[in-house]
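The numbering used here applies: residue 909 is where the sequence shown begins, and numbers increase by one.
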Amino acid sequence: MGPPLPPVRIGPAPPGPLRVRQIGAEVVLSTALPGTRTDGTRLGPEAEVRVLRLKATGTLRPGAVSDRYLVQQFQKQASVIAGLAGEDLRRSISRGRFLFSDRDAVATPTATEGQPPRFLYALHIVEGKNNRSPLRVPSEIEVAAPLPAPGGLMAEVAEGEVRLAWTPAGGGAEMAATVTLPAPGFNVYRMEAAESTSPEDPLNPQPLAEPSFVDTTFRYDVTYAYSVRAVDPVQGTLRESVASPPIEVRPHDRFAPMAPSGIAVAVEGAVIKVYWFPNAEPDLAGYRIYRRSAGESAPTRIGETPAAESSFIDPGAAPGVRYHYSVSAVDGADPVNESPRSEEKSEMLSGGGAA
């Protein structure tokens, strides 16, 4: 038999890929924390997340050297700038992700030899003495003077839309540069009033060139806080301004469906059946059917159907009486919004005289 195999080392599982961005004057780190050891068991309550930072150089940065060498040198040279455990760690978890803001890296964003400063970041999860998670390849970011935030955010609610518009911030000294850059873009963020932090990703898939946006993914009768950030024209979402002052919006559905069209009525055996073309509104809940007999000025509602139905059998039509039918559409709002009634169509069962 050969020599015994070395024991398998069990330690904290590494965090997920580290996302690094500059928001205003802070470098914001975010990642998923597995909360387990490499054997799948849960970490103990004493587990700590340590944030490491190292100023990058031209020869020590991703792409300039091998990943293995970069990790080795980073472990030797990087400084631990924060350690979070217990309640501090729990407060750093939002939307299922670990968030940390480094407020020192952008404090003096002066360029070295004409180049903006760059930093490398990585995380260790530590449980017990020297029992650390493996280190991922550090993430790099170039920091610069903060972008000015947009202002004057306004909102208007229309049917199926929340329309936002804002005022871009001026250039001035904060945007001073030795070269002329394209105008900044914008990102729109939305959070529910009960949430404490803005989501990491904006509503818009690409930075917006114009200071306006239409949100069609909201839910009625939910209170939202919208905000906007300016986006660096070169670095994109990796560098944003702080958020504009938020605006709170609670959209309420007060918009009725369109009146049904294509109304037709027909005698089918001993009953009268009403038909119409189905409506296409996404929040359609159903239809209401109205009837009046000749000589009556106002119709009476005689039934309802769900949205999937586009016909109705009148259960109470009497022979020899001419009836006039119309249909309205209703949505699922509370209270319900009802469309105007359609045009009327009439029919009569045989037997007796016409009224």
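Idealized CB from N, CA, C, for every residue including glycine. Owing to the predicted nature of the structure, the values given are computational and were not obtained by experimental measurement.
Going by alpha carbons, who is nearest to residue i out of the options?
i	options	result
D1109	V1139, S1120, V1157, R1230	V1139
N1095	V1130, V1051, S1149	S1149
L1111	L951, R1098, L1043, L1192	R1098
I918	I1210, L997, E1035	E1035
G1068	D975, A1077, D1123	D1123
E1189	A1241, R1158, E995	A1241
P1214	P1227, S1234, N1187, R1200	N1187
A964	S1104, S1254, V1051	V1051
R1209	N1039, L1146, R1199	R1199
Y1132	P920, T939, E1064	E1064
Would you check if the distance between the CB atom of residue i and the CB atom of residue j is smaller than 8 angstroms?
i	j	result
S1120	V928	no
V935	D1010	yes
Y1231	E1212	no
S1250	I1180	no
S1152	S1169	no
A1091	P1141	yes
V1235	V1182	yes
A1117	G1093	yes
D1239	L1192	yes
V1014	I989	no
L1072	Q930	no
Which of the three DSSP states, helix, strand or coil, is assigned to residue i?
i	result
E1255	strand
R1249	coil
R1003	coil
R1044	coil
R1230	strand
R917	coil
R1011	coil
G932	coil
L1061	strand
_Segment contact flag, the segment 921 to 937 with the segment 997 to 1009, C-beta cutoff 8 angstroms, min 3 pairs_ = Between the segment 921 to 937 and the segment 997 to 1009, the count of C-beta pairs closer than 8 angstroms reaches three or more; the two stretches touch.
_Entirely enclosed alpha helix (DSSP H) segments - the segment 939 to 996, minimum 4 residues_ = Qualifying alpha helix (DSSP H) stretches, in chain order: 975 to 985.
*Which runs of the beta strand (DSSP E) spanning at least 3 residues fall entirely within the segment 1080 to 1167, listed in chain order?*
1093 to 1100, 1120 to 1123, 1132 to 1140, 1144 to 1148, 1155 to 1157, all fully within the segment 1080 to 1167.
_At least three beta-carbon pairs within less than 8 angstroms, the segment 1056 to 1069 to the segment 977 to 997_ = Using a Cβ-Cβ distance cut-off of 8 angstroms, the segment 1056 to 1069 and the segment 977 to 997 are not in contact, since fewer than three pairs of beta carbons, one from each stretch, lie closer than that value.
*Counting pairs of Cβ atoms below 8 angstroms between the segment 1238 to 1248 and the segment 1151 to 1167, do you hit three or more?*
Touching, per the Cβ criterion.
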